Amino acid sequence: MAVRRTTSSRILGGALTTLLFGIGVRFLCGLRFMAGVGLGLPLGLWYTLSDPENSIMREISRDNILRAISGDQIMRVLSKENFRNLSPRQLFQFNTANPVHPSIGTTGTLYLLYSYTIELIWWLRAPGIWCWQLLRLIVFTLLMLPGFIPVFIHYLTSSSVQKNIPYGKRFRQQLDVYLPYKPSNREEGKKYPVVIFITGGAWIIGYKVWGFIMGQLLQKNGIICVSSDYRNFPQASVGNMLDDIEDSIEWVKRNIIRYGGDLDQVTLVGQSAGAHLSALALLKRMTTSEDNLRGNWDFTLIKHWIGISGPYDIERLIPALSSRGLHKRVLRALFDDLENQSPLQYLKRYKEKIDSKKKPSFPKMHLYHGTCDATVSCDHSEEFAAALLDAGIESTVTLFRGKSHTDPILEDPVSGPDPLMNDLLKVVSKVSEPPKTLQHYQPKIMLKIAKWCNPF
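Add 1315 to a position in the sequence shown, counting from 1, and you land on the number used in our numbering.
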């Protein structure tokens, strides 16, 4: 069930829209402020009475849901079924550095971003703790720029990173594919292991680009990485996010072989909120009858699941997140079915429904966590691994001493050494050699200060 805009958030958004329009008219056109407010009032009323996503989606016919601009700016309109069965040449034409979803358009995207930003501000109401954490995050990012910028430039410019490919018709339903070869030099017939990476972001600020470091490390080591985006709060609840992840896995099943992906070597990886969502998606596949499943992929498609710094006991997590500035009202709206959206509790409740005959084909579950994680205690991974073993599902847990919530996926890869990637490659491709690493540009002193500022 999608998160709907409340009356209060609509009124707040309309008032802010009117106010901003009035300020803009005052400074840009030289008119009086009240005249600008008067001119902006119809716009504010339109915002208050409108429904952002539905108003956009009504303009998109069911038969023409995906419109994309290729590299040579050719406009294509394709039906959903045709899109799922494109040739490799057509798939590569969807690659674009432009993040605007082709079925939404630039105007629709800006409107949705504005609408959901206003609504998110209403939900968060900017408590002092949340603002302090945001400030720490900004400072942390600025200090890590020497390590981030070279990798991000490669993401933007490399032809081996196929960007912003739609897997559905809604806002944020896009993914990036990191290829271990240049499209013009693909070795015919060669198959590559596949990693589907679900990024974190507290279910609010997640974005597929946050996987740009993980994706490039994997492609340097001969692995295809698919970094999937999904709708965030307040556009969506956890139930909607699960739908997006399942749809992106369905896309991989249908299309990754055309990129050279090996469907016999698919690993699902999630970090933080992504670990929670991907674990929950797999558990539901294991315990739900085929008639009630979304899409056509089976859990046997996934050979390994890797959870990094994941929260698996949501009921226990809520007080901790609330103390860090994420109000309980947000979490109550985010988790629309809390009892069935906490992986640990879900597993304990439904473990009797797991078919013992199918247990040998279940994905092997690997959990990784830092012992100094200030956001999600490493107890989450230890307890979830124990519950998996109790249910007869093979699992392992590895704790990184002294590591924070983000060290394994951000700080370590751009500064070295990288223990997570060492283990991950052994799981994904059974490689025992040391991994190929990124070139390190991060100054040690800036890294040390950034770790101190890191809010996670």
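Here a beta-carbon is modelled for each residue, glycine too, at the ideal position from N, C-alpha and C. Please read all numbers here as calculations on a predicted model, not as lab measurements.
Per-residue DSSP class, three states only, for residue i
i, result
"F1407", "Here F1407 scores only 49 on pLDDT, less than 50, and its place in the model is too uncertain to base an answer on."
"P1481", "strand"
"H1695", "helix"
"T1711", "strand"
"P1549", "coil"
"R1382", "With a pLDDT of only 33 at R1382, under the threshold of 50, the placement of this residue in the model should not be trusted, and no figure is reported."
"P1367", "Residue placement at P1367 is poorly supported in this model, since its pLDDT is 49, which falls under 50; the coordinates still yield a value, given next. Of the three classes helix, strand and coil, the one that applies to P1367 here is helix, per DSSP."
"Y1470", "helix"
"D1491", "strand"
"I1375", "Because the pLDDT of I1375 is 35, which lies under 50, any placement of that residue in the model is unreliable, and the question is left without a value."
"S1774", "Residue coverage of the chain in this structure runs from 1316 to 1771, which leaves residue 1774 outside it and unanswerable."
"V1746", "coil"
"V1415", "coil"
"I1389", "Here I1389 scores only 25 on pLDDT, less than 50, and its place in the model should not be relied on; the value that follows carries that caveat. In the structure shown, I1389 sits in coil (DSSP, three-state: anything other than H, G, I, E or B)."
"Q1754", "coil"
"A1700", "helix"
"F1398", "Residue placement at F1398 is poorly supported in this model, since its pLDDT is 46, which falls under 50; the coordinates are not used for a value here."
Extent of the continuous beta strand (DSSP E) run through residue i
i, result
"I1680", "Contrary to the premise, residue 1680 reads as Met rather than Ile in this sequence. Start and end: 1679-1685."
"G1622", "1619-1623"
"P1508", "1507-1513"
"I1528", "Looking at the DSSP string, I1528 is not in any beta strand (DSSP E); the run it does join, the alpha helix (DSSP H), is 1527-1535."
Expected contact under 8 Å - CB spacing of residue i and residue j to nearest Å
i, j, result
"P1678", "I1623", "Incorrect: roughly 15 Å between the Cβ atoms, too far for contact."
"W1566", "S1593", "15 Å between Cβ atoms; not a contact."
"I1511", "V1581", "7 Å"
"Y1522", "T1514", "7 Å"
"W1525", "N1547", "Between N1547 and W1525 the Cβ distance is about 12 Å, and since that is not below 8 Å, they are no contact."
"S1671", "L1682", "Rounded, the Cβ-Cβ distance is 23 Å, inconsistent with contact."
"C1687", "S1719", "5 Å"
"I1538", "P1495", "6 Å"
"L1452", "P1723", "At roughly 18 Å, the Cβ-Cβ gap does not stay under 8 Å, so L1452 and P1723 are not in contact."
"Y1482", "S1563", "5 Å"
"W1445", "L1641", "7 Å"
"A1700", "V1712", "4 Å"
"T1752", "D1733", "6 Å"
Boundaries (first-last residue) of the alpha helix (DSSP H) holding residue i
i, result
"I1436", "1420-1439"
"Y1665", "1658-1665"
"V1729", "1727-1730"
"I1669", "Per DSSP, I1669 belongs to no alpha helix (DSSP H) and is neither H nor E."
"G1443", "1443-1458"
"I1760", "1759-1768"
Whole runs of the alpha helix (DSSP H) within the stretch 1574-1644, excluding any shorter than 4 residues: 1588-1602, 1629-1638
Any 3 or more C-beta pairs closer than 8 Å across the stretch 1625-1642 and the stretch 1573-1588: yes
Cβ contact (3+ pairs, closer than 8 Å) linking the stretch 1526-1546 and the stretch 1651-1661: no
Inter-stretch contact (C-beta, 8 Å, three-pair minimum) for the stretch 1705-1714 and the stretch 1660-1671: yes
Stretch-stretch touch, CB-based, cutoff 8 Å, three pairs: the stretch 1726-1742 with the stretch 1458-1466: yes
Stretch pair the stretch 1544-1559 + the stretch 1487-1501: three plus CB contacts closer than 8 Å: yes
Inter-stretch contact at 8 Å, needing at least 3 Cβ pairs: the stretch 1436-1452 / the stretch 1734-1748: no
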